[in-house]
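K.L.:
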Amino acid sequence: MKRAVTYPRLAKGTAALAAMATPVAAYAEGALSIEGKGADGLQWIAIGVFLAFVALTLVITYVAAKRTGTTEEFYSAGGGLTGLQNGLAIAGDWMSAATFLGMSGLVFTFGMDGIVYAIGAAISWPVIMFILSDRVRNLGKHTYMDVVAYRLDNKAMRTLGSFSSLAIIALYLTAQMVGAGALIQILFGLPYWVAVVLVGILMTIYVSFGGMLATSWIQIIKAVILLIGGSTLAFIAMSHFGFSIGHMLDQAAQHSPRGPAILLPGNLLDDPVAAVSLGLAFLFGPAGLPHILMRFFTVPDGKTARRSVSWASLFIAYFQIVVFLIGLAAITLLANESQFFGPDGKLIGGANMTALHLSELLGGQWLLGVVSAVTFATILAVVAGLTLSAASTFSHDIYATIIAKGARDEAKEMRISRIATVLVGIVAIALGILFQKQNVAFMATLSLAVAASVNFALLFLSLFWRGLTTKGAVYGGVVGLVSSVGMVMLSGAVWVDIFGFVEPIFPYPHPTIFSLPLTLVTAVLVSLGDKSARADAERAAFNEQSIVAETGQVSAQHTT
Amino acid sequence: MDDDSKLELRILKRRRTDLLLTILTAALFLGFLIIITAFPTNLSASSIVFLGLLLVLYSVAATLIYQSWVDRIQQDGDDK
Numbered sequence: 049m050k051r052a053v054t055y056p057r058l059a060k061g062t063a064a065l066a067a068m069a070t071p072v073a074a075y076a077e078g079a080l081s082i083e084g085k086g087a088d089g090l091q092w093i094a095i096g097v098f099l100a101f102v103a104l105t106l107v108i109t110y111v112a113a114k115r116t117g118t119t120e121e122f123y124s125a126g127g128g129l130t131g132l133q134n135g136l137a138i139a140g141d142w143m144s145a146a147t148f149l150g151m152s153g154l155v156f157t158f159g160m161d162g163i164v165y166a167i168g169a170a171i172s173w174p175v176i177m178f179i180l181s182d183r184v185r186n187l188g189k190h191t192y193m194d195v196v197a198y199r200l201d202n203k204a205m206r207t208l209g210s211f212s213s214l215a216i217i218a219l220y221l222t223a224q225m226v227g228a229g230a231l232i233q234i235l236f237g238l239p240y241w242v243a244v245v246l247v248g249i250l251m252t253i254y255v256s257f258g259g260m261l262a263t264s265w266i267q268i269i270k271a272v273i274l275l276i277g278g279s280t281l282a283f284i285a286m287s288h289f290g291f292s293i294g295h296m297l298d299q300a301a302q303h304s305p306r307g308p309a310i311l312l313p314g315n316l317l318d319d320p321v322a323a324v325s326l327g328l329a330f331l332f333g334p335a336g337l338p339h340i341l342m343r344f345f346t347v348p349d350g351k352t353a354r355r356s357v358s359w360a361s362l363f364i365a366y367f368q369i370v371v372f373l374i375g376l377a378a379i380t381l382l383a384n385e386s387q388f389f390g391p392d393g394k395l396i397g398g399a400n401m402t403a404l405h406l407s408e409l410l411g412g413q414w415l416l417g418v419v420s421a422v423t424f425a426t427i428l429a430v431v432a433g434l435t436l437s438a439a440s441t442f443s444h445d446i447y448a449t450i451i452a453k454g455a456r457d458e459a460k461e462m463r464i465s466r467i468a469t470v471l472v473g474i475v476a477i478a479l480g481i482l483f484q485k486q487n488v489a490f491m492a493t494l495s496l497a498v499a500a501s502v503n504f505a506l507l508f509l510s511l512f513w514r515g516l517t518t519k520g521a522v523y524g525g526v527v528g529l530v531s532s533v534g535m536v537m538l539s540g541a542v543w544v545d546i547f548g549f550v551e552p553i554f555p556y557p558h559p560t561i562f563s564l565p566l567t568l569v570t571a572v573l574v575s576l577g578d579k580s581a582r583a584d585a586e587r588a589a590f591n592e593q594s595i596v597a598e599t600g601q602v603s604a605q606h607t608t
Numbered sequence: 002m003d004d005d006s007k008l009e010l011r012i013l014k015r016r017r018t019d020l021l022l023t024i025l026t027a028a029l030f031l032g033f034l035i036i037i038t039a040f041p042t043n044l045s046a047s048s049i050v051f052l053g054l055l056l057v058l059y060s061v062a063a064t065l066i067y068q069s070w071v072d073r074i075q076q077d078g079d080d081k
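Protein sequence lines correspond, in order, to chains F and V.
Just so we're aligned, residue 49 is where the first sequence starts under the numbering used here, counting upward by one.
Just so we're aligned, residue 2 is where the second sequence starts under the numbering used here, counting upward by one.
#1: State the Cα-Cα distance for the pair E586(F) and A499(F), rounded to the nearest angstrom.
#2: Find out if the Cβ-Cβ distance for the pair M151(F), A169(F) is shorter than 9 Å.
#3: In whole angstroms, what separates the C-alpha of F508(F) from that of I179(F)?
#4: Is D77(V) close to chain F? Criterion is C-beta to C-beta, closer than 9 Å.
#5: Measure the C-alpha to C-alpha separation of E77(F) and V255(F) and round it to an integer number of angstroms.
#6: Counting contacts by CB-CB distance shorter than 9 Å, is D19(V) in contact with chain F?
#7: Verify the CB distance criterion: does D72(V) have a CB-CB separation below 9 Å to chain F?
#8: Run through chain C and tell me which residues come within less than 7 Å of S47(V), C-beta to C-beta.
#9: Buried or exposed: I396(F), going by 16 or more other Cβ atoms within 10 Å of its Cβ?
#10: As a quick exercise: from I249(F), P565(F) and V472(F), pick the residue whose alpha carbon is nearest that of L436(F).
#11: Determine the direct distance from the alpha carbon of I427(F) to that of A145(F), and round the result to whole angstroms.
#12: Which residues mark the beginning and the end of the alpha helix (DSSP H) in which N591(F) is found?
#13: Does A69(F) have its Cβ less than 9 Å from a Cβ in chain V?
#14: By the DSSP assignment, the alpha helix (DSSP H) with I374(F) in it spans what residues?
#15: Is DSSP giving A73(F) helix, strand or coil here?
#16: For V324(F), which residues in chain V fall below 8 Å Cβ to Cβ?
#17: Kindly indicate if chain V contains any beta-carbon less than 9 Å away from that of Q224(F).
#18: Quick check: the region 315-329 of chain F against the region 153-164 of chain F, are there 3 or more CB pairs under 8 Å?
#19: Below 9 Å between beta carbons: does that hold for Y523(F) and A452(F)?
#20: Which residue or residues does DSSP assign as beta-bridge partners of L21(V)?
#21: Tell me L395(F)'s beta-bridge partners as DSSP assigns them.
#22: For my contact list, L56(V) and F30(V) are in at a C-beta cut-off of 8 Å; report their separation, rounded to the angstrom.
#23: G294(F): which of I37(V), D72(V) and S47(V) sits nearest, CA to CA?
#24: Could you give the uninterrupted runs of the alpha helix (DSSP H) lying entirely in the region 548-586 of chain F, keeping only those of 4 residues or more?
#25: If we call anything under 9 Å between Cβ atoms a contact, is S264(F) one with T346(F)?
#26: Please name the residues in the region 142-159 of chain F whose beta-carbon is closer than 9 Å to at least one beta-carbon of chain V, in chain order.
#27: Just to confirm before moving on: does the CB-CB distance between F156(F) and I340(F) stay below 9 Å?
#28: So, at 6 Å on beta carbons, what are the nonlocal neighbours of V502(F) in its own chain, with the 5 sequence-adjacent residues on each side left out?
#29: So the alpha helix (DSSP H) N134(F) belongs to, where does it begin and stop?
#30: Would A285(F) and L416(F) be called neighbours here (beta carbons separated by less than 9 Å)?
#31: Is it the case that the Cβ atoms of T518(F) and L200(F) are separated by a distance below 9 Å?
#32: How about V569(F): is its C-beta nearer than 9 Å to some C-beta of chain V?
#33: Using CA coordinates, which residue listed in F388(F), I269(F), L261(F) and V569(F) is at the minimum distance from V111(F)?
#34: From P305(F) to F388(F), what distance separates their C-alpha atoms?
#35: Of all the CB atoms in chain V, is at least one closer than 9 Å to the CB of G168(F)?
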């Protein structure tokens with residue numbers, strides 16, 4: 049893999065963030081070299097567990113399909129989930145296979161810097177709680193754009209929001225599909241394209257038949273088995289150190305190829321500006337991810353939405369600690385196990401295989417098989433959530449609101465939702481196959497940057513600033529979208545790694561420190577300069593919006 | 002003070018609190034990032050792990066306490 053010559057750590061940082069958000073995206077190339085690694089024992093155990101999971105999810109989909117007859121049920125499971133159920137589903141959406149594999153690999157490779165990613169994955173949830181949660185639930189119905197468009201121009205905001213949402217989902221989904229193909233190729237010995245098609249077909253079945261209800265329950269089950277699987281591995285690993293973190297740290301310093309430096313920050317993050325930019329993406333990116341925001345509509349009220357976030361925060365924080373401990377233990381436990389290292393001295397399959405190698409070492413083929421299947425299950429669940437979010441954008445925001453202008457035909461919208469799901473599935477398969485040989489690491493960076501710079505920024509301003517007008521929101525959103533995409537394209541992850549130039553034009557791997565303020569400043573300045581009558585009406589509607597956001601009492605004019 | 006005014010006050014109070022808490026959360030995390038990247042050798046591994054755990058615990062505690070607080074002020078508002 050080509051690296052930026054002058055910015056090696058920044059390039060690593062990009063790949064690392066990608067590894068957090070995309071399963072095996074960062075090691076897709078390396079992974080191919082160990083095709084067929086899975087011994088017969090692994091394959092049969094993993095296939096057995098995996099088939100059991102698929103069978104269970106198909107039963108769930110069948111049951112859910114019987115209960116999914118309206119758009120309300122398709123988009124938001126009828127708003128009938130409890131706080132705990134939705135919290136688990138939200139946690140499941142965020143705890144992708146990449147969080148498990150990518151972060152344990154980061155800690156294994158970069159030591160203390162890995163903890164930044166562990167904290168980053170947990171720290172966005174208080175922000176989501178303070179700024180969004182019940183407000184999004186009370187103001188919206190099916191997608192987050194209902195919230196932004198509440199007092200602003202419906203057509204303009206949904207057009208902009210659809211662009212940014214579909215861009216985020218496409219980037220996220222492509223990275224997931226490429227990662228899924230590579231992972232399944234390693235674990236089950238299937239050809240890459242077969243793996244991608246298999247994932248694409250399963251996610252299309254889940255979503256098109258079972259809608260949000262099936263997707264939520266698949267996510268809940270996956271979250272539970274991932275929490276149990278991760279905890280079991282961490283427990284076994286920690287037992288080798290007498291359950292002492294201090295002992296783990298001492299041993300890591302002795303066994304890591306980096307020596308005591310593994311316990312110091314700076315192996316991955318050494319520039320405060322790049323670190324703050326990454327931090328902003330972690331803080332505000334998740335609050336702009338459409339498939340996460342959509343989860344707030346699956347509960348009956350704002351109070352339950354807040355409970356969902358509390359539960360999600362608890363599960364995610366716990367899981368981040370578990371994964372950090374797995375990576376830390378692996379530094380010592382894998383150090384002298386030469387069977388897991390290639391001739392070049394690097395971990396076979398790349399650093400993201402850390403948790404899988406550790407499970408094989410500690411529990412043999414059985415544990416490896418179970419952990420592998422659990423990992424695959426997490427991929428399936430996450431891509432299903434993304435697919436549903438994309439389908440909802442097409443059918444609810446583009447068709448029902450922009451094309452049909454709110455004159456809703458329930459049956460037709462349901463039909464379009466299902467057609468959109470199939471189309472998204474086909475596109476996802478095609479993108480997964482097309483990008484197989486590409487380094488897709490930048491996609492995760494870009495999706496979080498766009499989510500923070502466009503979706504979150506507009507949600508924040510529309511909820512907290514009376515002065516925001518449609519004109520300001522559109523200008524701000526466009527500037528945010530163009531600047532975040534442009535800066536990533538000019539960064540080392542794309543300009544050097546993909547286009548092959550010697551030096552990047554944009555010197556940082558993460559654009560959020562620039563693109564987020566650009567969005568906010570543009571939206572504010574343009575709104576302040578907007579003296580139109582429509583702008584006055586939009587400002588005047590802020591009070592009513594605030595009351596609905598707080599109380600959930602919907603006024604008559606917004607019931608459709 | 003009538004009910005509408007009380008509701009408006011509650012909304013303003015909550016919005017102000019939300020902004021302050023968000024700024025605090027961002028400051029804590031970004032401050033941690035700046036410290037470990039600007040002064041990488043000034044903190045021991047144990048200190049970094051400890052601070053990291055504190056931040057993770059903060060994220061959980063903040064959401065739980067905040068949830069209880071909003072539940073309470075909304076309940077009080079509804080009762081009145």
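Here a beta-carbon is modelled for each residue, glycine too, at the ideal position from N, C-alpha and C.
P.N.:
So, from the listed chains and residues:
#1: Looking at the two C-alpha atoms, the distance is approximately 24 Å.
#2: Yes.
#3: Rounded to whole angstroms, the gap between the alpha carbons of F508(F) and I179(F) is 7 Å.
#4: Interface criterion not met: the Cβ of D77(V) is under 9 Å from no Cβ in chain F.
#5: Any reading at E77(F) is ruled out, since the residue's pLDDT is 34, under 50, leaving its predicted position unreliable.
#6: Yes, its Cβ sits closer than 9 Å to a Cβ of chain F.
#7: It does; some Cβ of chain F falls within 9 Å.
#8: The structure shown contains no chain C; the protein chains it does contain are F and V.
#9: Of the other Cβ atoms in all chains shown, 16 or more fall within 10 Å of the Cβ of I396(F); this residue is therefore buried.
#10: Ranked by Cα distance from L436(F), the first of I249(F), P565(F) and V472(F) is V472(F).
#11: The straight-line gap from Cα to Cα measures roughly 6 Å.
#12: F590 to T599 is the span of the alpha helix (DSSP H), which, as asked, contains N591(F).
#13: Its pLDDT being 44, under 50, A69(F) is placed unreliably by the model, and the measurement read from it follows with that caveat. Not flagged as an interface residue toward chain V: A69(F), since no C-beta distance is shorter than 9 Å.
#14: Start and end: G350 to L381.
#15: With a pLDDT of only 38 at A73(F), under the threshold of 50, the placement of this residue in the model should not be trusted; the figure read from the coordinates follows. The three-state secondary structure of A73(F), taken from DSSP, is coil.
#16: Within chain V, the residues near V324(F) are L31, L34 and I35.
#17: Not an interface residue.
#18: Taking 8 Å as the limit for Cβ pairs, the verdict is that the region 153-164 of chain F does touch the region 315-329 of chain F.
#19: Taking a C-beta distance under 9 Å as the contact criterion, Y523(F) and A452(F) do not qualify as a contact pair.
#20: Per DSSP, none; premise fails for L21(V).
#21: Beta-bridge pairing links L395(F) to F389(F).
#22: The beta carbons of L56(V) and F30(V) sit about 6 Å from each other, so the pair counts as a contact at 8 Å.
#23: Per the C-alpha coordinates, the member of I37(V), D72(V) and S47(V) positioned closest to G294(F) is S47(V).
#24: Given a length threshold of 4 residues, each whole run of the alpha helix (DSSP H) inside the region 548-586 of chain F is given here in chain order: 560-577.
#25: Yes. Within cutoff.
#26: From the region 142-159 of chain F, only G159 have a Cβ closer than 9 Å to chain V.
#27: Between F156(F) and I340(F), the C-beta spacing is not below 9 Å.
#28: Correct list, in chain order: S212, G525, G528 and L529.
#29: From DSSP, the alpha helix (DSSP H) with N134(F) extends over G131 to W142.
#30: No, these two residues do not count as a Cβ contact at 9 Å.
#31: A contact, by the Cβ cut-off of 9 Å.
#32: It does not: the Cβ of V569(F) has no partner Cβ on chain V nearer than 9 Å.
#33: The shortest C-alpha to C-alpha distance from V111(F) to any of F388(F), I269(F), L261(F) and V569(F) is the one to L261(F).
#34: If you take the alpha carbons of P305(F) and F388(F), they lie about 15 Å apart.
#35: Answer yes: the Cβ-Cβ gap between G168(F) and chain V drops below 9 Å somewhere.
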